[in-house]
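>
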Amino acid sequence: MYYQTEITLNPRPRGFHIITREIENAILEISKVKIGIVNIFIKHTSASLTINENVSPEVKTDMQNYFNKLVPDDLPYFEHTLEGPDDMSAHIKSSMLGYSLTIPVTDGRLNLGTWQGIYLCEHRNHGGARRLVITLIGE
Amino acid sequence: MYYQTEITLNPRPRGFHIITREIENAILEISKVKIGIVNIFIKHTSASLTINENVSPEVKTDMQNYFNKLVPDDLPYFEHTLEGPDDMSAHIKSSMLGYSLTIPVTDGRLNLGTWQGIYLCEHRNHGGARRLVITLIGE
Amino acid sequence: MYYQTEITLNPRPRGFHIITREIENAILEISKVKIGIVNIFIKHTSASLTINENVSPEVKTDMQNYFNKLVPDDLPYFEHTLEGPDDMSAHIKSSMLGYSLTIPVTDGRLNLGTWQGIYLCEHRNHGGARRLVITLIGE
Chain X
6 MYYQTEITLN
16 PRPRGFHIIT
26 REIENAILEI
36 SKVKIGIVNI
46 FIKHTSASLT
56 INENVSPEVK
66 TDMQNYFNKL
76 VPDDLPYFEH
86 TLEGPDDMSA
96 HIKSSMLGYS
106 LTIPVTDGRL
116 NLGTWQGIYL
126 CEHRNHGGAR
136 RLVITLIGE
Chain B
6 MYYQTEITLN
16 PRPRGFHIIT
26 REIENAILEI
36 SKVKIGIVNI
46 FIKHTSASLT
56 INENVSPEVK
66 TDMQNYFNKL
76 VPDDLPYFEH
86 TLEGPDDMSA
96 HIKSSMLGYS
106 LTIPVTDGRL
116 NLGTWQGIYL
126 CEHRNHGGAR
136 RLVITLIGE
Chain S
6 MYYQTEITLN
16 PRPRGFHIIT
26 REIENAILEI
36 SKVKIGIVNI
46 FIKHTSASLT
56 INENVSPEVK
66 TDMQNYFNKL
76 VPDDLPYFEH
86 TLEGPDDMSA
96 HIKSSMLGYS
106 LTIPVTDGRL
116 NLGTWQGIYL
126 CEHRNHGGAR
136 RLVITLIGE
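Chains X, B and S supply the protein sequences, listed in that same order.
In this text, residue positions in the first sequence follow my numbering: the first is 6, and each later residue adds one.
In this text, residue positions in the second sequence follow my numbering: the first is 6, and each later residue adds one.
In this text, residue positions in the third sequence follow my numbering: the first is 6, and each later residue adds one.
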C-alpha cells in the first residue's frame, strides 16, 4: 500500500510545537497497515521536524533557548542577510535538526515510544504556513 | 517483502556504542532481499542513533566528550530539571543526532561503507534498556 | 517498484555543494513512479548529506563557516588524531548533519520545496570521491 498526502500547517510562532495529532489525522489510511513506515517531509529550508518529549512544556522552552543560543541570529560573519537576521540561523538549525522523519507503522498505528511526540521546529519569527508531504508505505 | 521486529538493547553506560551486530542479528530475513531499505527507530527521547567510524575506540570517546561539552548537563536556564541534570541535555542531543536511520539493503546485506558502524548514543547516566523497531522493506 | 543504484561523486573541496542534478540524473526511473520515496545514503563517516537553500551561494559559505567554528579541527582533547586534524571534526559534523535523506516522490519527481536543494557536505580537506547509494521505492 502506497498513500501520500500533502498538508499545510497553520502558522506557528518561532519555537517548538507538537504536531502528532495533525499528522495522525492526515493519514487515517494507516489503520489498514500492519507493517510499514511513514515518511514526513517538510518542504522548507527554515523550519524542521524532530521527535521529542510530548508532555512537559519546559522541554519545548529549553529546546528553543538552547538552539537560539547555539545558532544566534545575525552572527557578524553571516553573508546571507538579505532575508533578515533570523534567516541564516534558521537555515543552519534546519540542517542540524533535519527535514524528515521516518517512523515505523505497526498494527495500524505510528509505533512511537510512550513519551515521543512529533515536533515542528519553527526557526523564523514569521515563518508562515508550512507544507508537509506525508508518505505511507506498508502492507 | 515487509518484515518488522522490535528488540531491546541491554543497558549501556552513557556514551557511544556500536550495535551493528545486534541489528544484523535481528533481521536475518535480510538475506532474501535484493533491493530495499532498513529503518531503525529508537522509541525514546533521551538516546539516539547515528552512524560513525567502526574501528577506533577514540572516535567514540571524542564524540562523547564533544557532545557533553556542546550540550552541558544542567545549564542554568534549563526549566525541565525534575528528571535530573542529565535529562534535558539528553533530549537536546537526541534531536541533534536523530531517532532513526534508513540504510540501503543490497544483495541480502546492509549496504554500509567499509568504515561505517551503527551507533547507539546513550545520553543518560542510567538510561536502562532501550527499545528499537527495525523495519525491512524490499524485494 | 524497487530501483537502486550506486554513484560516485567527483571529489569536492571542503564545504557545502549542491548535488540535486546529479541525484536526479542517476534515477531517471523516477518518471514511472506516482507515489514513493527516494533514500540517498552516503557510505562514508567524514562527509554527510543535507537539504538547504538552492540559490544563494552565501548560504553555503555561512554554513561552512558556522560548522567549522562549532566543531573546530584539532580540538586539544581529541584522541583520534592519527588521520589528521580535520578527521575527528569531520566525524562529528557527519553525525550532526546525517548520512541519509529520505525524500518523497510524487508524479514522477522528487517532491522538494521550491527553495530546497540536496547538499553534499564535504568535511575533509581532501575527501576524495564519495560513494552514494540511491534507493527508489514506489508505485
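Yeah, the Cβ is synthetic: ideal placement off N, Cα and C, and Gly gets one too.
All figures in this text were calculated on a predicted structure; none of them were measured in a lab.
With 7 Å set as the bound, which would you pick, yes or no: does the beta-carbon of Gln121(S) sit closer than that to a beta-carbon of chain B?
Chain B, which has no Cβ nearer than 7 Å to the Cβ of Gln121(S), makes this no.
> Extract the residue ranges of the alpha helix (DSSP H) inside the segment 45–100 of chain B, only unbroken runs of 4 or more that lie entirely within it.
DSSP runs (the alpha helix (DSSP H)) wholly in the segment 45–100 of chain B: 62–75.
> At a Cβ cut of 7 Å, what residues of the segment 38–59 of chain X count as close to chain B, listed as they run along the chain?
Result list: Ile40, Gly41, Ile42, Thr55, Ile56, Asn57 and Glu58.
> Between Phe21(X) and the rest of its own chain, which residues show a CB-CB distance below 6 Å, the 5 nearest in sequence each way excluded?
Counting only Cβ-Cβ distances below 6 Å, and skipping sequence neighbours, we find Lys65, Met68, Gln69, Tyr124 and Cys126.
> Counting only Cβ-Cβ distances shorter than 8 Å, please list the residues of the segment 90–108 of chain X near chain S, keeping chain order.
Cβ contacts with chain S come from Met93, His96, Ile97, Ser99, Ser100, Met101, Gly103, Tyr104, Ser105 and Thr107.
> Starting from Thr25(B), follow the alpha helix (DSSP H) in both directions and report where the run begins and ends.
Taken as a continuous stretch (DSSP letters only), the alpha helix (DSSP H) holding Thr25(B) covers Thr25 to Ala31.
> Name, going along the chain, the residues of the segment 14–34 of chain X whose beta-carbon falls closer than 8 Å to a beta-carbon of chain S.
Within the segment 14–34 of chain X, no residue has a Cβ that lies closer than 8 Å to any Cβ of chain S.
> If we cut at 7 Å on Cβ distances, does Ser36(X) have a partner in chain B?
Closer than 7 Å: no.
> Determine whether the beta carbon atoms of Gly103(S) and Ile23(S) lie at a separation below 7 Å.
The answer is no: Cβ separation not under 7 Å.
> So, under 8 Å CB-CB, Ile142(B) and Ile42(X) are touching, yes? Tell me the CB distance rounded to an integer number of Å.
Confirmed, Cβ separation roughly 7 Å.
> Going by DSSP, what residues sit across from Gly41(S) in a beta bridge?
BP columns for Gly41(S) point to Val110(S) and Gly143(S).
> If you run the structure through DSSP and keep just helix, strand and coil, what is Leu115(B)?
Residue state, collapsed to three classes: strand.
> For chain X, check one thing: does any of its Cβ atoms lie closer than 7 Å to the Cβ of Glu127(B)?
No, no contact with chain X.
> Is any beta-carbon of chain X found at less than 7 Å from that of Tyr71(B)?
Not closer than 7 Å to any Cβ of chain X, the Cβ of Tyr71(B) fails to qualify, so no.
> At the 7 Å Cβ level, is Thr66(S) part of the contact set with chain X, yes or no?
Thr66(S) counts as touching chain X.
> Can you give the beta carbon distance from Thr10(X) to Ile139(X), rounded, assuming they're within the 8 Å contact cut?
Going by Cβ atoms, the distance from Thr10(X) to Ile139(X) rounds to 5 Å, so yes, they are a contact pair.
> Return the CA-CA distance between Phe46(B) and Thr25(B), expressed in angstroms with no decimal places.
Rounded to the nearest angstrom, the two C-alpha atoms are 14 Å apart.
> What does the Cβ neighbour count give for Thr86(S), buried or exposed, with the cut at 16 atoms within 10 Å?
Its Cβ having fewer than 16 others within 10 Å, Thr86(S) is exposed.
> Could you pull the start and end residues of the beta strand (DSSP E) that Gly122(B) belongs to?
First-last of the beta strand (DSSP E) with Gly122(B): Gln121 to Glu127.
> Is the beta carbon of Val60(X) sitting closer than 7 Å to the one on Val110(X)?
Against a cut-off of 7 Å, the Cβ pair of Val110(X) and Val60(X) comes out as no contact.
> Counting only the same chain and skipping the five closest in sequence on each side, list residues whose C-beta sits under 6 Å from that of Arg19(X).
Answer for Arg19(X): Glu127 and Asn130, listed in chain order.
> Using a 10 Å radius around the Cβ and a threshold of 16 neighbouring Cβ atoms, would you call Ala95(S) buried or exposed?
Buried, by the Cβ-count rule.
> In chain S, what lies closer than 7 Å to His85(X) by C-beta?
What His85(X) touches in chain S: Ser61, Glu63, Val64 and Asp67.
> Cβ of Ile140(B) less than 7 Å from any chain X Cβ?
What sits at residue 140(B) in the sequence shown is Thr, not Ile. Yes, because at least one Cβ of chain X sits closer than 7 Å to the Cβ of Thr140(B).
> How many Å lie between Lys98(S) and Met101(B) at the Cα?
Whole-angstrom Cα-Cα distance: 11 Å.
> Measuring straight from C-alpha to C-alpha, what distance separates Asn116(X) and Ile108(X)?
C-alpha separation (whole angstroms): 7 Å.
> Hey, how far is the Cα of Ile56(B) from the Cα of Asp92(S)?
Their backbone Cα atoms lie some 15 Å apart in a straight line.
> Compute the Euclidean distance between the alpha carbons of Leu75(B) and Phe72(X), then round it to the nearest angstrom.
Using only the alpha carbons, I get a separation of about 11 Å.
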